[in-house]
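In my numbering, the protein residues as written are 5 to 639. Every residue, glycine too, gets a C-beta built ideally from N, C-alpha and C. Since the structure is predicted, the reported quantities are computational estimates derived from the model, not experimental observations.
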Ligand code: WT7
């Protein structure tokens, strides 16, 4: 018997040790006993981080949708699989049972096939949080098409870059979306994006807000009539273990987004196994993750992980502030949520509002609280623990990444004693390492360094779409034979991990991973801008906010700085999306640079943090005089 469900701390340590000593035996047992395979593997694991190449369950064949849907039908056919809660609380919630999900995924899969989509084709999904989003993800997986979900808050430019990078043939979207009191013209954004995407032959449009939109003949079709006419049966495509399941973009240190490629078998095993344990999911629980399926959290812990366990997973279309800041708590009460998984930025925003918004609602169904996306500060942790969990629901602070596919460092609730701001212990099978500046591993406890992982885990991304070299350089070149996460971390006296934040050019704003380079590229598009540099600075709700230093071109004429600030944020919104807007923009005559021309972001960061006590030696800079000017004008 494998230890699929960990129930106490002794068991955790025992299973963890086994997973490290005999990883292949360990994962083989989990895979064997808890999943449905069309063919078993020949080899559990082969790996070489120097290439890098990692293969799990090679030779196995499966379809993840049979694991997420078909195998539950005999025992859970009438159980709610997806519980859809609309933006407007007056609109009825929709309970989609496993039987219904089966039919709807099959119908959608048949529509995709009718439109010419085949195994291996890339389909871009640009949909709001409506059932069609989850269903289309599963429909792609059903026929072996590779889905590339783009968060429906991204701009037309960001969307077209992603469509072109992975050569998507088709785009799935809706006429528009609801977001609190606002509606968003999604189809208009798609139309604009597709002006520069020649490879897209068809666009299927779900009706959601009944807006008056343009349908381009020959390209655009309404989805619902096609679905109604499609057969409810669709055999699942046979997938090899290492066939790509999806691409999901994340930002990095250059302007081009990285299309992380996840494959089928290992991703399924790891997301399912972590879901079961990290949320201690029991058969009749109602689980709610507030993320959007446009991010990895939604892929792994709204769709695949929960459904692979036959769970009831809530999909919420709206925002925490509409109609008021009590909306989350109203939903918890209404659907008797047992596990609630959200982000520190949401917790901080809600903590600013009065407690009466919570006290109005019965939250006694809650058993486990989760946090993900950025470090959770002590104050937010206690607020969450005291007021939402009433000090009886453990908080699982889960550290992981788009690249890791699933949760990596986390408490197991009721098993691992929690500690505020600590992600605590590595999950089963995960082998973290902390590295010093010289590339040496820091052994023992009470050390702080750069967080790496030294052994493969099943759900790790296998490559960057179309650019394996970049995958190698970004993740496997900083430290030999190790995956480098980009985060700093410390290990305390009992071996608990605390993630201290990014050590690279990525800034986490409201839980969104933003590379500085794409934002700087966007700003530099402004005709008045010569150069720019972005850093993060602390913000009480967003965690970090963006601070931009901008050099204007010398045109001889003076320009209104406030107008320029608006224009710069407008360009950022057009190129990336409103999430990347700058909170502060300081105009400057220069940026501190090394003799080789590299911007010294460390100095800019300190100034933006208003911490100029220890700027270090600035005399070796190319232009030391600019530092004083920047300090004098800091916003
Ligand atoms: C980065 C990954 C994992 C899904 C959401 C974000 C930061 C994530 C935590 C946490 C401290 C965290 C890291 C990581 N991060 N979770 N519990 N504590 N930091 O996925 O967009 O790929 O971002 O988010 O810096 O590297 P992502």
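Query, Result
"Taking only runs of the alpha helix (DSSP H) that begin and end inside the region 55-79, which ones reach a length of at least 4 residues, in chain order?", "68-72"
"If you reduce the DSSP assignment to three classes, tell me which class residue 287 lands in.", "coil"
"Residues bridged to residue 553 by DSSP?", "537 and 590"
"Does DSSP put residue 502 in a helix, a strand or coil?", "strand"
"When we look at the beta-carbon of residue 226 and count the other beta-carbons within 10 Å, is it buried (16 or more) or exposed?", "exposed"
"Would you mind working out which of 243, 95, 25 and 83 sits nearest residue 122, comparing C-alpha positions?", "243"
"Among 99, 90, 437 and 413, which residue has its Cα nearest to the Cα of residue 327?", "90"
"With a cut-off of 8 angstroms on the beta carbons, I'd call residue 129 and residue 151 a contact; round off their distance for me.", "6 angstroms"
"Does DSSP classify residue 141 as helix, strand or coil?", "helix"
"Is the number of C-beta pairs between the region 410-425 and the region 352-369 that are closer than 8 angstroms three or more?", "no"
"Is it the case that the CB of residue 298 approaches a heavy atom of the ligand WT7 more closely than 7 angstroms?", "no"
"Would the C-beta of residue 62 count as close to the ligand WT7, meaning under 7 angstroms from any of its heavy atoms?", "no"
"May I ask whether a heavy atom of the ligand WT7 can be found less than 7 angstroms away from the beta carbon of residue 506?", "yes"
"Between residue 218 and the rest of its own chain, which residues show a CB-CB distance below 7 angstroms, the 5 nearest in sequence each way excluded?", "195"
"Relative to the C-alpha of residue 545, which residue among 449, 347 and 181 is closest?", "347"
"Just to confirm before moving on: does the CB-CB distance between residue 537 and residue 580 stay below 8 angstroms?", "no"
"Taking a contact to mean a Cβ-Cβ separation below 8 angstroms, would you say residue 575 touches residue 529 in this structure?", "yes"
"Are the region 446-463 and the region 419-427 in contact at 8 angstroms, needing three or more beta carbon pairs?", "no"
"Return the CA-CA distance between residue 519 and residue 161, expressed in angstroms with no decimal places.", "16 angstroms"
"Is it the case that the region 231-248 contacts the region 276-294, given that we only count it when at least three CB pairs across the two stretches are under 8 angstroms?", "no"
"For residue 34 and residue 8, what's the separation of their Cα atoms in angstroms?", "7 angstroms"
"For the region 427-441 and the region 6-25, state whether three or more C-beta atom pairs, one from each stretch, are separated by less than 8 angstroms.", "yes"
"Which residue from 616, 316 and 410 puts its Cα closest to that of residue 286?", "316"
"Taking the C-alpha atoms as reference points, what is the distance between residue 385 and residue 634?", "35 angstroms"
"Would you check whether the ligand WT7 has a heavy atom nearer than 7 angstroms to the C-beta of residue 254?", "yes"
"Return the CA-CA distance between residue 350 and residue 393, expressed in angstroms with no decimal places.", "15 angstroms"
"Are the beta-carbon atoms belonging to residue 371 and residue 391 less than 8 angstroms from one another?", "no"
"Is the distance from the Cβ of residue 85 to the Cβ of residue 116 below 8 angstroms?", "no"
"Leaving aside the five residues before and after residue 428 along the sequence, list all residues of the same chain whose C-beta is less than 6 angstroms from its C-beta, in chain order.", "415, 420 and 500"
"Per DSSP, which residues does residue 128 bridge with? Please list them.", "152 and 175"
"Taking 8 angstroms as the limit between beta carbons, can you name the residues of its chain near residue 213, skipping five residues before and five after?", "178, 179, 180, 181, 182 and 187"
"Are the Cβ atoms of residue 265 and residue 64 separated by less than 8 angstroms?", "no"
"Since residue 262 sits in a beta bridge, which residues does DSSP pair it with?", "254"
"Assuming residue 618 and residue 597 form a contact by the criterion Cβ under 8 angstroms, report the distance between their Cβ atoms to the nearest whole angstrom.", "Their Cβ separation, rounded to whole angstroms, is 20 angstroms, which puts residue 618 and residue 597 out of contact at 8 angstroms."
"With burial defined as no fewer than 16 other Cβ atoms inside 10 Å of the residue's Cβ, what is the status of residue 475: buried or exposed?", "buried"
"I'd like to know whether the C-beta atoms of residue 1 and residue 42 end up nearer to each other than 8 angstroms.", "Residue coverage of the chain in this structure runs from 5 to 639, which leaves residue 1 outside it and unanswerable."
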